[in-house]
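Scroll down for the structure; my scribbles are underneath it.
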């Protein structure tokens, strides 16, 4: 008996110990790291809140955003009553009404719908373009030179002037093509933003693919006869997922800001179609009497972009295995 | 290094040509008609003549080559003529007549066709030159202010990593990063012009600074646009500065410097800062053209009649030559500053050799 126990002592250092804790999946680790980042948690929460709010808001607050009610124009927001009991305000219009009596709260919900829809679709489209170009130029040597020159060229285009240009010039043809000004404008703005913002994603993805391509598991996949398409789909794309996600958040923030900037400059959606940027720019003329009409949409845009940026920051930390666990 | 610079300069020519082609083709697709404002009583033949006078009758490729010729040969030669004839610095040189050509009919010396704005019927470059100082003053000053604020913030937040200052600094830069200029502009106007009444909300470009009082007005009206633009610059650059400092602070050479007894200020301000400035300087160079583009919105908010506002009004008035020229100037700025950033990177970091 004693012999055996001594033997165990001797080989104790060489023996595999029982794992001290159950194995954890990668996404569990990512989530744990993500949860530590307070800003990112706040950002994710706020983004979720805004997204749900603009999707389900119209069912809860069923005032028409474009309904004119000239008798009840220029209401102040409800909180004005705190310091000014004589103000025209009330729960019927908690954020007040504009100079034509349209309810600002309803306008904000509908405006948010448009802004978020533009942001999400432009971001997804730009990711698709960026990832395709990045994967193609990273994986296929022959395409690399051409695609990267193209990326460099697009990167040296003056973005905001060109976006302004495209939106002003193609407003009429697209409107008549799609039948309604809103649809035409939506397609136009989304495609213009996507076409001018895919370059960073393409560069990042290409760099990662170039490094991954030389790794042994790709060699193994190729040696068992996987086709290029399969290698890209099964082995490469899952591995470049995290940089794509981080650039997705950046893309969402840029898309929302660009759309609002276009509306602000008066080249965005038609005038009776509320978006956050449009509400802000319409309110600038009456800023002296009704500063809240500038503040409310402005704060919403800024908060949304801020939360998206924080989300991106947290994702970058959580998805980077070198930072994770520190 | 010289080799690299020359190669990049040569390579930037096809880039610029391609960009000009893209912009030109985009404008060709424009449905707008410069004759739309001409009264209906003007007969169609006359309209056709006017169209040809504006250079619209020719096929697309001829128009493009003509534009290239006007922009790259006629306009610079007009500029050189102006320099040798009127300017203070080079006026002593003999007058040149590079932009002049002999008229075949009258035999007199006339100026060659320049790029003409459809809106004002005057040369585009003259208007651009008029608008340039406002933009350069506001944008340039904001960039300098932004850098001057950003670098100390970046250094200190990296040095006191995870301190309260760092947390606050990171938060503020994040906010500055997220708030778009079309909101900060009206916000500042609401606070400082409407509520407090301290600063004027509109930038008066007709103001001539000739006394202490006008200088004060000029400073007052510049504060808000400069601050709006500087906020963006500060947010961006201080983030880069902070991360560059953080990368360098853990390096071995910093420990060596401390171990040999150098003062902390010398370690940070000389050893670490100089190495951290390499990426930051290139970021500063790369951001220059972007700030010209971003100034479009700020100029619009504060009614500064600079280049950005010129582009907007030209766009709305369907003044295609003006739009083309301005967009192309922005493109030249981007290509130029990309080149400068690349060269600076090589000059500042001896580890990087392009040969």
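Residue numbers (the numbering used here), protein chains in the order written: chain A, 158 to 483; chain B, 7 to 361. Just so it is clear, CB atoms sit at the ideal spot from N, CA and C, and this is done for glycine as well. Note that the structure is a prediction, hence the values are computed from the model and not measured.
Whole-angstrom distance between residue j and residue i, CA atom to CA atom
i: residue 172/B; j: residue 248/B; result: 9 Å
i: residue 342/A; j: residue 13/B; result: 42 Å
i: residue 435/A; j: residue 454/A; result: 9 Å
i: residue 303/A; j: residue 344/A; result: 28 Å
i: residue 326/A; j: residue 169/B; result: 51 Å
i: residue 120/B; j: residue 73/B; result: 9 Å
i: residue 470/A; j: residue 412/A; result: 17 Å
i: residue 239/B; j: residue 305/B; result: 16 Å
i: residue 241/A; j: residue 443/A; result: 20 Å
i: residue 327/B; j: residue 81/B; result: 13 Å
i: residue 85/B; j: residue 91/B; result: 10 Å
i: residue 45/B; j: residue 232/A; result: 45 Å
i: residue 483/A; j: residue 410/A; result: Any reading at residue 483/A needs caution, since the residue's pLDDT is 48, under 50, leaving its predicted position unreliable; the model's value is listed next. For residue 483/A and residue 410/A, the distance between alpha carbons rounds to 28 Å.
i: residue 158/A; j: residue 182/A; result: Bear in mind that the predicted position of residue 158/A carries a pLDDT of just 46, short of 50, making it too unreliable to give a figure here.
i: residue 465/A; j: residue 34/B; result: 38 Å
i: residue 208/A; j: residue 47/B; result: 55 Å
i: residue 461/A; j: residue 234/B; result: 20 Å
i: residue 270/B; j: residue 189/B; result: 41 Å
i: residue 191/B; j: residue 183/B; result: 14 Å
i: residue 335/A; j: residue 180/A; result: 54 Å
i: residue 309/B; j: residue 293/B; result: 23 Å
i: residue 311/A; j: residue 341/B; result: 11 Å
i: residue 104/A; j: residue 176/B; result: Absent from the model: residue 104/A. The displayed extent of chain A is 158 to 483, so no value can be given.
i: residue 332/A; j: residue 213/B; result: 43 Å
i: residue 116/B; j: residue 51/B; result: 27 Å
i: residue 154/B; j: residue 291/B; result: 15 Å
i: residue 270/A; j: residue 438/A; result: 18 Å
i: residue 131/B; j: residue 83/B; result: 12 Å
Residues that DSSP places opposite residue i in a beta bridge
i: residue 367/A; result: Per DSSP, none; premise fails for residue 367/A.
i: residue 122/B; result: 129/B
i: residue 108/B; result: 115/B
i: residue 260/A; result: 254/A
First through last residue of the beta strand (DSSP E) which encompasses residue i
i: residue 117/B; result: 115 to 117
Residue span of the alpha helix (DSSP H) that contains residue i, given as start and end
i: residue 218/B; result: 218 to 255
i: residue 340/A; result: 338 to 352
i: residue 9/B; result: 8 to 34
i: residue 300/A; result: 298 to 312
i: residue 406/A; result: 398 to 421
i: residue 320/B; result: 313 to 322
i: residue 467/A; result: 449 to 476
i: residue 168/B; result: Unbroken run through residue 168/B: none, as it is neither H nor E.
i: residue 433/A; result: 433 to 441
i: residue 326/A; result: 316 to 335
i: residue 54/B; result: 50 to 59
i: residue 344/B; result: 326 to 354
i: residue 375/A; result: 373 to 380
i: residue 191/B; result: 187 to 194
i: residue 278/B; result: Careful: residue 278/B lies outside any alpha helix (DSSP H) and carries neither H nor E.
i: residue 210/B; result: Premise fails: residue 210/B is in no alpha helix (DSSP H) and is neither H nor E.
i: residue 259/B; result: 258 to 265
Pick from the options that is closest to residue i, judged by C-alpha positions
i: residue 122/B; options: 99/B, 354/B, 329/B and 346/B; result: 329/B
i: residue 429/A; options: 228/A, 234/A and 338/A; result: 338/A
i: residue 118/B; options: 193/B, 108/B, 125/B and 124/B; result: 108/B
i: residue 128/B; options: 11/B, 338/B and 325/B; result: 325/B
i: residue 324/A; options: 322/B, 23/B and 130/B; result: 322/B
i: residue 28/B; options: 441/A, 392/A and 315/A; result: 315/A
i: residue 245/A; options: 260/A, 229/A and 259/A; result: 229/A
i: residue 313/B; options: 211/B, 32/B and 54/B; result: 211/B
i: residue 140/B; options: 343/B, 353/B, 315/B and 356/B; result: 315/B
i: residue 276/A; options: 222/A, 354/A and 215/A; result: 354/A
i: residue 219/A; options: 198/A, 190/A and 250/A; result: 250/A
i: residue 290/A; options: 195/A, 328/A, 213/A and 307/A; result: 307/A
i: residue 66/B; options: 265/B, 55/B and 30/B; result: 30/B
i: residue 398/A; options: 371/A, 287/A, 431/A and 374/A; result: 287/A
Uninterrupted alpha helix (DSSP H) stretches inside the region 66 to 101 of chain B (no shorter than 4 residues): 66 to 75 and 81 to 92
Inside the region 169 to 228 of chain A only - alpha helix (DSSP H) runs reaching at least 4 residues: Along the length of the region 169 to 228 of chain A, whole alpha helix (DSSP H) runs at least 4 residues long occupy 183 to 193 and 195 to 217, reported in chain order.
Contact set between the region 175 to 199 of chain B and chain D, restricted to residues whose Cβ is under 7 Å from the partner: You won't find chain D in this structure, because its protein chains are A and B.
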